[in-house]
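Chemist: This is the structure, below, for whatever I ask next.
Protein chains in written order, with our numbering: chain A, 1404 to 1663; chain B, 2 to 325; chain C, 4 to 693.
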């Protein structure tokens, strides 16, 4: 099975406050470190597990600048067979739709049975997979947290829906799926693994290679600025010594029926 | 003619989702003069019930009745919507698991800009719509704009807009079933696999003590249980606790977990992502304890305490025990 | 010399000269034994290399102390004393056994040097040795068969009980002793009956009793007994020899070698592969121990040498809290696997990866590398290096617990396991009050200092531990040490990174710190973190001298640079908890105690498990992130031990012990009754302002 996984290099925001720069044009990126989008990592792990079971190849692809190559290498160290970096100044500022269009141009050159993306990335939009599927006219399912290969034509995919329930679907290949965390336990990628793939060749595709004009990926949606919202009224913050806080809190809880 | 905004109505077993009325507010925020059309797809009696209920709030209700739409398979719904919607339609779909499934593709098929997970609208300037979104798990916000003259697909965040309860429309149901065209897809819905129910049904609890990432270690759950016991409450949690397999899935509050309607909700070490808050309905009284004073939970809580829950919770439990 | 009985060398039975058997039995026995040992050597030859041929004097000294001197045995009183009796007896009797073999061929054979007076003296000693071993073996059998000490039990997940094997071998030993004594006693009894010269048999020895029993037996019967005893002894002796390499009694043969080849650099971690320099590591096909032959030959010798005594697991904190790890079975399972894969007959079998067959992932991650097992093992079997090698194998396969992956990635990207920003590493110095009273120089800003205070990640970033950094800075200042920190230039020492098997990441961290330290131009390093201390001493090269802060405090007290005031709380009873990497791995037991005892009015008690038997708090570094399968926490047991010792304040000298014990006090519901304090904190609190 030919599997393509679309990945994105994102700032690692988990333990640090993300701040907006003074002009509000971007987040403060000076002290940020980047890694592969967490959801994408689950998608790559899933792809590798499928390949190991039924054979085939796993290709990872990303649209970004030169530095985005780093995440491709990491995923190749994890076990992906090939990497493709799509990088062109013309693609800067592309919106989700633009990214989908760029990916589509590359995908049409290949012969992929299964295309995976992460369910979402740093911007929380969760859009590229669905758009890509629509452009390719293949079926799409989002938030997939269970995946079973039935045969080389069909898969069974479980989607995470409300209440912790799972919506089961049978989908014909080729298709696009967005992968939710928790579908598997991604393997660790050690420094040795990354160094071992350091010299592997990762082809770079430009707008010219893909036959795309900058206008073809001109954004329809533009981010105007970043800001930190003025705190609203918010909570009544209890202050004072711990005893005082607890005294007040117990009183409030009692009044609101929180203590039975 | 005023701008038409289409609101896709989620419903289940004849009952419209809470978002059904939220979308009216969202649509009016885009354009106060908009005429808002409810689009309801489904089949049979349940569909009719929902459509009729919607006529109270929407001046126009478009009904699509099709046996294959009895379950909202996003691929089929998308095709149906493409079939019935005008070319420059502005469509609102709630940003939850169905919205995520249908909307990106819909925007491509309608060749319209896609504005996902919108937390608020700044309004229209000419044809340019400016919205507010959040990035990095809610740590920063952004203004995003798009030209919606050729239509748009927008997914407002559930719970971010007050439901419009005015029910003043007395609208009409228009049957659009005939316009949907071909509804076939190579994605077939099979079944829903229900989550296993734990020993406690938190959807029925009046008081919930809910724990998040701040608990740090599974063994510390004991103190949460002790607090819950002292309060006569049940224990619930946010997603990371379930992902770590420290509590069963049925205890998870959030859009991917349970929707709960307690009277009092004590959020301990929970940052308050919208996915979590999305599972909290019925305007409970929220007490939040978090060591990060900037945690988003403090925006939505009624009472907040900045403290490390590992230190605060045992003392609170003691304080409550003394009181009794 | 004239004797009443015909010796086995000259006797005939049914017309057949018995000397044939005297020759045949040893020849067959030795041949079989040689074959078995050769088969057993195959895995050692196929195994990875190990460099154990250096430092001969140190190794000989170890043999003298630990093998011949049996120094570790009395740590377990009953079992230890019994073993010393058996061991000493065996050593003495080995000469007798050897000479007996030759006596079967030549009746006048005398082991060179054992003639005359010395020979007679030896015979007396030997008679008593036989008796002592006999008594010891009987006691041992009764102990194993009836009293069944807990540490010999085999939990169901590890297979069947080992008692029958032990009893069988003890039975063989007894049979050897009885036949030897019978052989001796029958000859002497006959000699006495015929009024010939009878060698002195040591009074109250086994042979002496037999001689009394045989006093009235006819010469003819005595002759039969004499020959039967001899050949039974001969057969049992060579059977015994050949049975030894089949089970836990292989240690009788291998222990000498195992002790000689012991690990001399305590606290260190072996290189990924001996003989492969770091720059060639990338070329290796595989890392760590994935298959059995990936172990080094010494590690396999360890498996052969395990005597199944259970002391390691009895001391293992992981076993104590119900984690799926028991060091004893790390050895036993590997030995059984090896015997099965390399059988004595038939070809070698195809193996399977160790993880998933004989070991589980959780089993291997459960070890905190505290070293209690290695400290206890009388045979100097190693575990930490094996754990690290097994983990290297798992890391190489991407098989790392989810809970540890994020911290590892954060260490890679940010140099600390929390993923916090580098620029915040010195934030602990910025607390207002502290900054005013004790400014800390950051060496990155061109500041120079004589001494580097290496803070490490937990003290730099953990909100509850940062106070230790401030206490250390105040103490250093009071002691007149001109010091600075590296600030954002410092990265995690990588101590646990290495012990978790992520060698390459460790090397990156090490190289970075080494460079930063060199650039800072300091002449000395001090740290309050035993893990960083151990890393610098054992894992790093070419650093300025390193001290743990307790050493520096001890010197400052000695030279009067700092003075301490009295304990105010008269109800306070202190106990010192030895951090594994300060105590066991670096031998610093007395210095911290000396420092404590210099606080006037201090009441200090010792826990049962202290010094080299200290009980791990749960582990540092990445162990704070790992989520083990366990019934309770190590820290909780430790707090209980302190409580039982009558202490209400636990003093430690390691930030991780602090985290774990603080946590354990909370989760044990002992808040308000017990507290934990770091040695540095305590000293800081009792400083007399100059």
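Note that the Cβ used here is the ideal one computed from N, Cα and C, for glycine as well.
1. Give the DSSP-derived three-state secondary structure of residue 1476 of chain A in the structure shown.
2. In the structure shown, what three-state DSSP assignment does residue 285 of chain C receive?
3. Which residues in the same chain as residue 76 of chain C place their Cβ atom closer than 7 Å to its Cβ, once the five residues preceding and following it in sequence are excluded?
4. Once you ignore the five residues that flank residue 1435 of chain A on each side, which residues in its own chain have a CB closer than 6 Å to its CB?
5. For residue 177 of chain B, which residues in the same chain have their Cβ closer than 7 Å to its Cβ, ignoring the five residues on either side in sequence?
6. Assuming residue 340 of chain C and residue 295 of chain C are in contact, meaning their beta carbons sit under 8 Å apart, how far apart are those beta carbons, in whole angstroms?
7. Report the three-state DSSP secondary structure of residue 202 of chain C (helix, strand or coil).
8. At which residues does the beta strand (DSSP E) containing residue 44 of chain B begin and terminate?
9. So, at 7 Å on beta carbons, what are the nonlocal neighbours of residue 308 of chain B in its own chain, with the 5 sequence-adjacent residues on each side left out?
10. Below 8 Å on C-beta distance, what does residue 1588 of chain A contact in chain C?
11. Give me, in chain order, the residues of the same chain whose beta-carbon lies closer than 7 Å to that of residue 582 of chain C; leave out the 5 immediate sequence neighbours on both sides.
12. Kindly confirm or deny that the segment 466-476 of chain C and the segment 429-439 of chain C touch, where touching means at least three C-beta pairs closer than 8 Å.
13. Counting only beta-carbon atoms, is residue 1580 of chain A nearer than 8 Å to chain B?
14. Using DSSP with H/G/I as helix, E/B as strand and the rest coil, what is residue 655 of chain C?
15. How close, in whole Å, do the beta carbons of residue 499 of chain C and residue 624 of chain C come, if the pair is a contact with beta carbons under 8 Å?
16. If we require 4 or more residues per run, which alpha helix (DSSP H) segments fall completely within the segment 180-247 of chain C?
17. Under a Cβ-count criterion, where at least 16 other Cβ atoms within 10 Å of its own Cβ denotes burial, should residue 569 of chain C be classed as buried or exposed?
18. For residue 508 of chain C, decide whether its Cβ has a neighbour in chain A, counting only Cβ atoms nearer than 8 Å.
19. Assuming residue 144 of chain B contacts residue 155 of chain B under a Cβ cut-off of 8 Å, what Cβ separation, rounded to an integer in Å, is found between them?
20. So residue 421 of chain C is in the beta strand (DSSP E); what residue range does that whole segment cover?
21. Closer than 8 Å is the cut-off here; do at least three beta carbon pairs connect the segment 451-468 of chain C with the segment 400-411 of chain C?
22. Got a sec: which bits of the segment 494-526 of chain C sit with their beta carbon under 7 Å from any beta carbon on chain A, in order along the chain?
23. Give the DSSP bridge partners of residue 188 of chain B, in chain order.
24. Taking the beta strand (DSSP E) that residue 176 of chain B belongs to, which residues open and close that run?
25. To the nearest angstrom, report how far apart residue 246 of chain C and residue 238 of chain C are at their CA atoms.
26. Using a cut-off of 7 Å between C-beta atoms, extract the partners of residue 636 of chain C located in chain B.
27. By the 10 Å Cβ neighbour count, where 16 or more other Cβ atoms means buried, how is residue 277 of chain C classified, buried or exposed?
28. Please confirm whether residue 166 of chain B has its beta-carbon closer than 8 Å to some beta-carbon of chain C.
29. Would residue 89 of chain B and residue 150 of chain B be called neighbours here (beta carbons separated by less than 8 Å)?
30. Assign residue 660 of chain C to one of three DSSP states: helix, strand, or coil.
31. Sort C:324, C:308, C:677 by Cα distance to residue 336 of chain C and report the nearest one.
32. On the criterion of 16 or more Cβ atoms from any shown chain inside 10 Å, does residue 618 of chain C qualify as buried, or is it exposed?
33. Does the CB of residue 95 of chain B have a neighbour CB from chain A at under 8 Å?
34. Less than 8 Å between the C-beta atoms of residue 1651 of chain A and residue 1641 of chain A, yes or no?
35. At 7 Å on the CB atoms, spell out the chain A contacts of residue 117 of chain B, in chain order.
36. Assuming contact is defined by CB atoms lying nearer than 8 Å, are residue 243 of chain C and residue 328 of chain C in contact in what I supplied?
Modeler: Checking against the coordinates, here is how it stands:
1. On the first chain, residue 1476 of chain A is found 73 positions in, with the first residue counted as 1. DSSP, reduced to helix, strand and coil, places residue 1476 of chain A within a helical segment of the structure shown.
2. To locate residue 285 of chain C, count along the third chain from 1; it is residue 282. Three-state DSSP puts residue 285 of chain C in a helix.
3. To locate residue 76 of chain C, count along the third chain from 1; it is residue 73. Once the five neighbours on either side are set aside, the close Cβ partners of residue 76 of chain C are 83, 86, 87, 381.
4. As a working mapping, residue 1435 of chain A is identified with position 32 in the first chain. These residues qualify, in order along the chain: 1414.
5. To locate residue 177 of chain B, count along the second chain from 1; it is residue 176. In its chain, beyond the 5 residues on either side, 63, 64, 65, 85 have a beta carbon closer than 7 Å to the beta carbon of residue 177 of chain B.
6. Your numbering for residue 340 of chain C matches position 337 in the third chain. Your numbering for residue 295 of chain C matches position 292 in the third chain. About 6 Å separates the Cβ atoms of residue 340 of chain C and residue 295 of chain C, confirming a contact at the 8 Å cut-off.
7. Translated into positions along the third chain, residue 202 of chain C becomes position 199. Shown here, residue 202 of chain C sits in coil according to DSSP, grouped into three states, outside any helix or strand.
8. In the second chain, residue 44 of chain B corresponds to position 43, counting from 1. Taken as a continuous stretch (DSSP letters only), residue 44 of chain B belongs to no beta strand (DSSP E), as it is neither H nor E.
9. As a position in the second chain, residue 308 of chain B is number 307, starting the count at 1. Only residues of its own chain outside the window of five on either side were considered, and among them 290, 292 have a CB closer than 7 Å to the CB of residue 308 of chain B, listed in chain order.
10. Numbered from 1 along the first chain, position 185 holds the residue referred to as residue 1588 of chain A. Correct list: 405.
11. Working through the third chain from its first residue, we reach residue 582 of chain C at position 579. So the list reads 533, 655, 656, 657, 660, once near-sequence residues are dropped.
12. Contact between the segment 466-476 of chain C and the segment 429-439 of chain C is present: three or more C-beta pairs spanning the two stretches fall below 8 Å.
13. Indexing the first chain from 1 puts residue 1580 of chain A at position 177. By this cut-off, residue 1580 of chain A is not an interface position.
14. If you number the third chain from 1, residue 655 of chain C lands on position 652. In the displayed model, residue 655 of chain C falls within a strand according to three-state DSSP.
15. For this step, residue 499 of chain C is matched to residue 496 along the third chain. For this step, residue 624 of chain C is matched to residue 621 along the third chain. Yes, residue 499 of chain C and residue 624 of chain C are in contact; Cβ-Cβ is about 3 Å, under 8 Å.
16. Runs found: 209-216, 222-246.
17. To locate residue 569 of chain C, count along the third chain from 1; it is residue 566. Exposed, because fewer than 16 other Cβ atoms sit within 10 Å of the Cβ of residue 569 of chain C.
18. By 1-based counting over the third chain, the position of residue 508 of chain C is 505. Yes, its Cβ sits closer than 8 Å to a Cβ of chain A.
19. Indexing the second chain from 1 puts residue 144 of chain B at position 143. Indexing the second chain from 1 puts residue 155 of chain B at position 154. Contact between residue 144 of chain B and residue 155 of chain B fails: their C-beta atoms lie close to 15 Å from each other, not under 8 Å.
20. For the purposes of this step, residue 421 of chain C is identified with residue 418 of the third chain, where counting begins at 1. No beta strand (DSSP E) contains residue 421 of chain C, which DSSP labels as neither H nor E.
21. Fewer than three beta-carbon pairs drawn from the segment 451-468 of chain C and the segment 400-411 of chain C are found closer than 8 Å, and the two stretches are therefore not classed as touching.
22. Within the segment 494-526 of chain C, those residues whose Cβ lies closer than 7 Å to any Cβ of chain A are, in chain order, 505, 507, 508, 511.
23. To locate residue 188 of chain B, count along the second chain from 1; it is residue 187. DSSP lists A:1574 as partners of residue 188 of chain B.
24. Taking the first residue of the second chain as 1, we reach residue 176 of chain B at position 175. It spans 173-176 - the beta strand (DSSP E) in which residue 176 of chain B sits, taken as one unbroken run.
25. Position 243 of the third chain holds residue 246 of chain C. Position 235 of the third chain holds residue 238 of chain C. Per the coordinates, the alpha-carbon of residue 246 of chain C lies some 12 Å from the alpha-carbon of residue 238 of chain C.
26. Walking along the third chain from the start, residue 636 of chain C turns up at place 633. The answer, in chain order, is 220.
27. The residue given as residue 277 of chain C occupies position 274 in the third chain. Burial call: exposed.
28. Residue mapping note: residue 166 of chain B aligns to position 165 of the second chain, counting from 1. No, because no Cβ of chain C sits closer than 8 Å to the Cβ of residue 166 of chain B.
29. Counted from its first residue, the second chain places residue 89 of chain B at position 88. Counted from its first residue, the second chain places residue 150 of chain B at position 149. Cβ atoms of residue 89 of chain B and residue 150 of chain B: closer than 8 Å.
30. Here residue 660 of chain C corresponds to residue number 657 of the third chain, with the count starting at 1. Reduced to three states, the DSSP call for residue 660 of chain C is helix.
31. Numbered from 1 along the third chain, position 333 holds the residue referred to as residue 336 of chain C. Of C:324, C:308, C:677, the residue nearest in Cα terms is C:308.
32. On the third chain, residue 618 of chain C is found 615 positions in, with the first residue counted as 1. It counts as buried.
33. As a position in the second chain, residue 95 of chain B is number 94, starting the count at 1. Cβ-Cβ to chain A under 8 Å: no for residue 95 of chain B.
34. Looking up residue 1651 of chain A in the first chain gives position 248. Looking up residue 1641 of chain A in the first chain gives position 238. Yes, the pair counts as a contact, with Cβ atoms nearer than the cut-off.
35. Along the second chain, one-based indexing puts residue 117 of chain B at 116. Contact note: residue 117 of chain B reaches chain A through 1528, 1529, 1530, using a C-beta cutoff of 7 Å and chain order.
36. Within the third chain, the letter at position 240 stands for residue 243 of chain C. Within the third chain, the letter at position 325 stands for residue 328 of chain C. Not in contact: residue 243 of chain C and residue 328 of chain C (Cβ atoms no closer than 8 Å).
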